[in-house]
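The listed protein sequences derive, respectively, from chains A and B.
When the count follows numbering that gives the first Met the number 0, it moves up by one through the first sequence with no breaks and lands on 497 for the last residue.
When the count follows numbering that gives the first Met the number 0, it moves up by one through the second sequence with no breaks and lands on 322 for the last residue.
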Amino acid sequence: MTDNVIEFRKATKLYAGVPAINEVDFQLRRGEIHALVGENGAGKSTLSKALAGVVTLTSGQLLINGAEVAPKTPLEARHLGVAMVFQENSLVPTMTVAQNLFLGQERFYNRLRGIYIAAQQFLQSLNFDVPPTATVSLLGAAKKQMVEIARAVLHQAQVIIFDEPTASLTPEEKAYFFDLVRDLKKRGVSIIFISHALEEALLLADRITVLRDGKHVVTDDVANFDRARIVQAMVGRDLSNTLYGKRKTEVRRAGERILSVQNLKMAPMVKNNSLSVFAGQITGVFGLVGAGRTETFKIVAGVLKRDFFHGGEILLNGKPVRYRVPAPAVQAGVAYVTEDRKVEGFFETMSIARNIYLGLLSKFPGGRFLLSSNEAQKTGDDWISRLKVRAISPKAKVVELSGGNQQKVVIAKSLTQEPDLIIFDEPTRGVDVGAIVEIHELINRLADEGKAVVVISSYLPEILALSDRILVSRQGKVVEEFSALDATEEKIMYAAIH
Amino acid sequence: MTLKRFSQQEVVFAIFVVLFAAFALFLPGFATTQNMLTLLQNVAVLGILGLAMALVVIGRGIDISLIAALAVPPGLVLQMVQDGYSLPLSIAVALALALAFGLVNGWLIAYAEVPSLFATLATGLLLAGLGQASLFKLDVVQWSDGMKGFEHLGQGSVLGIPTPIIAFAAVCIVVALLLRNTRIGAYVYAIGDNPYGARVTGIPSRPIIVLQYVLAALIGCFAGFVLAASVNSMPTRIFNSTLIYDVILVVVLGGIGLSGGRGGVLNVIIGTLLIGTMLNGMTIMDISYSGQNLIKGMVLLAAVIADSFLNPRNEETAQQGDI
Numbered sequence: 000m001t002d003n004v005i006e007f008r009k010a011t012k013l014y015a016g017v018p019a020i021n022e023v024d025f026q027l028r029r030g031e032i033h034a035l036v037g038e039n040g041a042g043k044s045t046l047s048k049a050l051a052g053v054v055t056l057t058s059g060q061l062l063i064n065g066a067e068v069a070p071k072t073p074l075e076a077r078h079l080g081v082a083m084v085f086q087e088n089s090l091v092p093t094m095t096v097a098q099n100l101f102l103g104q105e106r107f108y109n110r111l112r113g114i115y116i117a118a119q120q121f122l123q124s125l126n127f128d129v130p131p132t133a134t135v136s137l138l139g140a141a142k143k144q145m146v147e148i149a150r151a152v153l154h155q156a157q158v159i160i161f162d163e164p165t166a167s168l169t170p171e172e173k174a175y176f177f178d179l180v181r182d183l184k185k186r187g188v189s190i191i192f193i194s195h196a197l198e199e200a201l202l203l204a205d206r207i208t209v210l211r212d213g214k215h216v217v218t219d220d221v222a223n224f225d226r227a228r229i230v231q232a233m234v235g236r237d238l239s240n241t242l243y244g245k246r247k248t249e250v251r252r253a254g255e256r257i258l259s260v261q262n263l264k265m266a267p268m269v270k271n272n273s274l275s276v277f278a279g280q281i282t283g284v285f286g287l288v289g290a291g292r293t294e295t296f297k298i299v300a301g302v303l304k305r306d307f308f309h310g311g312e313i314l315l316n317g318k319p320v321r322y323r324v325p326a327p328a329v330q331a332g333v334a335y336v337t338e339d340r341k342v343e344g345f346f347e348t349m350s351i352a353r354n355i356y357l358g359l360l361s362k363f364p365g366g367r368f369l370l371s372s373n374e375a376q377k378t379g380d381d382w383i384s385r386l387k388v389r390a391i392s393p394k395a396k397v398v399e400l401s402g403g404n405q406q407k408v409v410i411a412k413s414l415t416q417e418p419d420l421i422i423f424d425e426p427t428r429g430v431d432v433g434a435i436v437e438i439h440e441l442i443n444r445l446a447d448e449g450k451a452v453v454v455i456s457s458y459l460p461e462i463l464a465l466s467d468r469i470l471v472s473r474q475g476k477v478v479e480e481f482s483a484l485d486a487t488e489e490k491i492m493y494a495a496i497h
Numbered sequence: 000m001t002l003k004r005f006s007q008q009e010v011v012f013a014i015f016v017v018l019f020a021a022f023a024l025f026l027p028g029f030a031t032t033q034n035m036l037t038l039l040q041n042v043a044v045l046g047i048l049g050l051a052m053a054l055v056v057i058g059r060g061i062d063i064s065l066i067a068a069l070a071v072p073p074g075l076v077l078q079m080v081q082d083g084y085s086l087p088l089s090i091a092v093a094l095a096l097a098l099a100f101g102l103v104n105g106w107l108i109a110y111a112e113v114p115s116l117f118a119t120l121a122t123g124l125l126l127a128g129l130g131q132a133s134l135f136k137l138d139v140v141q142w143s144d145g146m147k148g149f150e151h152l153g154q155g156s157v158l159g160i161p162t163p164i165i166a167f168a169a170v171c172i173v174v175a176l177l178l179r180n181t182r183i184g185a186y187v188y189a190i191g192d193n194p195y196g197a198r199v200t201g202i203p204s205r206p207i208i209v210l211q212y213v214l215a216a217l218i219g220c221f222a223g224f225v226l227a228a229s230v231n232s233m234p235t236r237i238f239n240s241t242l243i244y245d246v247i248l249v250v251v252l253g254g255i256g257l258s259g260g261r262g263g264v265l266n267v268i269i270g271t272l273l274i275g276t277m278l279n280g281m282t283i284m285d286i287s288y289s290g291q292n293l294i295k296g297m298v299l300l301a302a303v304i305a306d307s308f309l310n311p312r313n314e315e316t317a318q319q320g321d322i
């Protein structure tokens, strides 16, 4: 029994009567890397939050080192030796690395020089190449993660939980991160690793647990798993072939040139970027984090502004345009579906129907000074059924939906505006597997209808599965173009890195 | 298990009912028709200001300069009439001033992107200073014969209902219609709910924000007309009083979250009723001004604490960064 550092017995957590996890049994052995996988809403985050003291269990037991505990705050969990590295960075951005490391442990007289020296020695002992005097906001994603990990180790955590640690990392950074995790394991730290990326789980973990709909499905050694079996366990049905596996055998032909970007500049993210987008096909844009893809298309949609001098040209249907705000871009038929739907996407206090209706209102305000609840209802119902949004009713609030359904609402809001150019930025980020398929079908349908579709994605299988034409972006500009017929993962990645 | 969640407006309404019942039972002279009318009349100005504030707060802003808009343009009317200009011309000039003031506020907040708190704090001081320094001859701008007829707005009655109450009701209806039934209202809620999302959706955010502050200034000016007509003068020192805190109290107490996108006219009415009952009851009990402030402060704290107990914030809302 003492082999297990952590043990959950019939752990249940209800949110307003709805179980997020339901009688889950889970064991974490000492010194193992244990991957926790499942669709969005499967209960991975809730389980780990219960462990980290962010939420408390409604019923069931949590045992740490064989003793029953119930941490109520992250601080209590930390004293029990559990640390969580959150999806959202929990560092204080304006403080230095050293200040962040010792945050909450300062002496009454907080001598900066002292903590810099202590931090320097500590970081060196971990072999982390982070300067302790650097301000955190200036660090890259990988370095921030290192600081988080260092902090967990400093707190003498026996168990470290990583929630989607690799989402914002480039491939090199990922490799480095994996080495860090393995190193932690050698030090006897037990690790829970939550990830959407199954390859990573297979690569890194000793054991894998699959959750589905708040229930425990299977736990097994990694050697007994392969991609297909995990996906099967996650969704309870075989999706691996229809989702990313299939390769394109024919591509749509390019229609009219809808968008042409020439020498676009926005320091420091976009440098002399030039590209074209054509009607009736899907243009996939691949690049690593920091390649300037999102920024380029945000400038096109008026969300960001290009450089005032020598900013380059954007031609929409052959006419030069320069949008300072998104509203005129929307009027001109450009829709941008954001990568961060919580910040830029939906209106959380409003119903699904209202969210969608607002899209219609802002594109076609004429004659709609007075709101029509009939029209709102009809628009809502119409799009809910067209995009198969799963909700109790159109009056349900968007914030209560799962990630996939939220994404569908955000897409519907843009589609009511009848755009000619639709830019999907990471359309399936944080979306469950079932919804991914439906969103991909929708994107294909839009291209078949003759719209110009842009899909920005950091996930190669998604780019390959969707695109007719693939643009590879690197350091602020498009560097290579492939037809989907002769693109391979290797070729694209090669272009994106070098 | 499934305890019904009460919203803040229900809690506040319950407090109002309890307080009202207690006053009616134990306070002689409270539950009379005459006192009820006085009560409503006294809070009408506060309620109108609350509506102006609500319009801005729902759009995730705040307008500290409302009292300047209340004091200066109506004061200008009295001053101009005193100086011999005609009443309609004076009113037109005052409305133009309020309009220009709202435009400046809106431009600063929407286009120059100054945080609303600082922008309106500064413009409010500016307008009040301008009024006191160069427009008005005395701190209290006096009534003059040319104003004849205007006092009906504050002292008249229609079918036995005092006009300030009718004015409050009228503004309530206009603001409620605007917020609930027009495209503008939908945009205001959208901007308050998620300003970035509203922008990306293609809502003309900046013109709408300007419109909010223009309407707030105009409604504030209207409240000033009602006030001036009730007391037959415009005490411009009202700018230095704590009235603006009472207005914020009404809005927050009524349940319009300062983080925007929530609440409506009903919340303002409930907040106004509670504050009005409290002030009226305390006046009858002859509690001193400082004592009244003490009690107001405690009530606001109690309401806010009750709300956070009844509706605990989860991680989702915590990330939204409430003000």
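All residues carry an ideal CB built from backbone N, CA and C; glycine is no exception.
| Check | Outcome |
| --- | --- |
| Amino acids of chain B, ordered along the chain, whose beta-carbon sits closer than 9 Å to that of V84(A) | Correct list: empty, because the minimum Cβ distance to chain B is about 16 Å. |
| Closer than 8 Å to chain A by CB, I255(B) | no |
| C-beta contact flag for V146(A) and L90(A) at 8 Å | yes |
| As assigned by DSSP and simplified to three states, the class of K48(A) | helix |
| Cut-off 7 Å between Cβ atoms - residues of its own chain near D192(B), not counting five sequence neighbours on either side | G259, G260 |
| S275(A) - partner residues in DSSP beta bridges | S259(A) |
| Partners in chain B for T337(A), counting only beta-carbon separations shorter than 9 Å | Y195, G196, V199 |
| Rounded C-alpha distance that separates R228(A) from H215(A) | 15 Å |
| Beta carbon proximity, P364(A) to chain B, threshold 8 Å | yes |
| Where M265(A) sits in the DSSP three-state scheme | strand |
| Residue closest to F135(B), alpha-carbon to alpha-carbon, out of Q81(B), A109(B), A95(B) | Q81(B) |
| Exposure of V16(B), with buried meaning 16 or more beta-carbon neighbours within 10 Å | exposed |
| Chain B contact residues for Q416(A), given Cβ-Cβ distances below 9 Å | T200, G201 |
| Assumed close pair E425(A), L463(A) - CB separation to whole angstroms, cut-off 8 Å | Not quite, the Cβ-Cβ distance comes to about 15 Å (not below 8 Å), so this is no contact. |
| C-beta neighbour in chain A for N266(B), strict 8 Å | no |
| Under 7 Å from the C-beta of K412(A): neighbouring residues of chain B | T200 |
| For E374(A), three-class secondary structure by DSSP | helix |
| Own chain, CB closer than 8 Å to S482(A), minus 5 neighbours either side, in chain order | V250, D467, R468, I469 |
| Residue-chain proximity (R261(B), chain A), Cβ-Cβ < 8 Å | yes |
| C-alpha gap between Q330(A) and G301(A), whole angstroms | 11 Å |
| The region 116-130 of chain B contacting the region 181-195 of chain B, beta-carbon criterion three pairs below 8 Å | no |
| Positions along the region 342-354 of chain A whose CB lies within less than 8 Å of some CB in chain B | V342, E343, G344, F345, F346, E347, T348, M349, R353 |
| Backbone secondary structure at P327(A) - three-state DSSP | helix |
| Under the three-state DSSP convention, the category I330(B) falls into | As displayed, chain B neither begins before 0 nor continues past 322, which places residue 330(B) out of reach and without an answer. |
| Secondary structure, alpha helix (DSSP H): runs of 4+ residues fully inside the region 341-404 of chain A | 351-362, 372-385 |
| Reference T200(B), options A10(A), T378(A), V333(A), G429(A), closest by Cα | V333(A) |
| Strand pairing of K12(A), partner residues [DSSP] | I20(A) |
| Assigned secondary structure, M281(B) (DSSP; H/G/I helix, E/B strand, else coil) | helix |
| Endpoints, the beta strand (DSSP E) within which V336(A) is located | 333-336 |
| Beta carbon proximity, V59(B) to chain A, threshold 8 Å | The amino acid occupying residue 59(B) in the given sequence is Arg; Val does not appear at that position. Not one chain A Cβ lies under 8 Å of R59(B). |
| Expected contact under 8 Å - CB spacing of V269(A) and V453(A) to nearest Å | V269(A) to V453(A), Cβ: 15 Å. No contact. |
| 8 Å Cβ cut-off: residues of chain A touching A189(B) | F346, M349, L357 |
| Any C-beta of chain B under 8 Å from that of L360(A) | yes |
| Minimum Cβ-Cβ distance from N324(B) to chain A less than 8 Å | In this structure chain B extends from 0 to 322, so residue 324(B) is not present and cannot be described. |
| Local conformation of D237(A) per DSSP, three classes | Note that D237(A) has pLDDT 48, beneath the 50 cutoff, so the model's placement of it is unreliable and the number below is only indicative. In this structure, D237(A) counts as coil in the three-state DSSP scheme. |
| Where N104(B) falls, given that 16 or more other Cβ within 10 Å makes a residue buried | buried |
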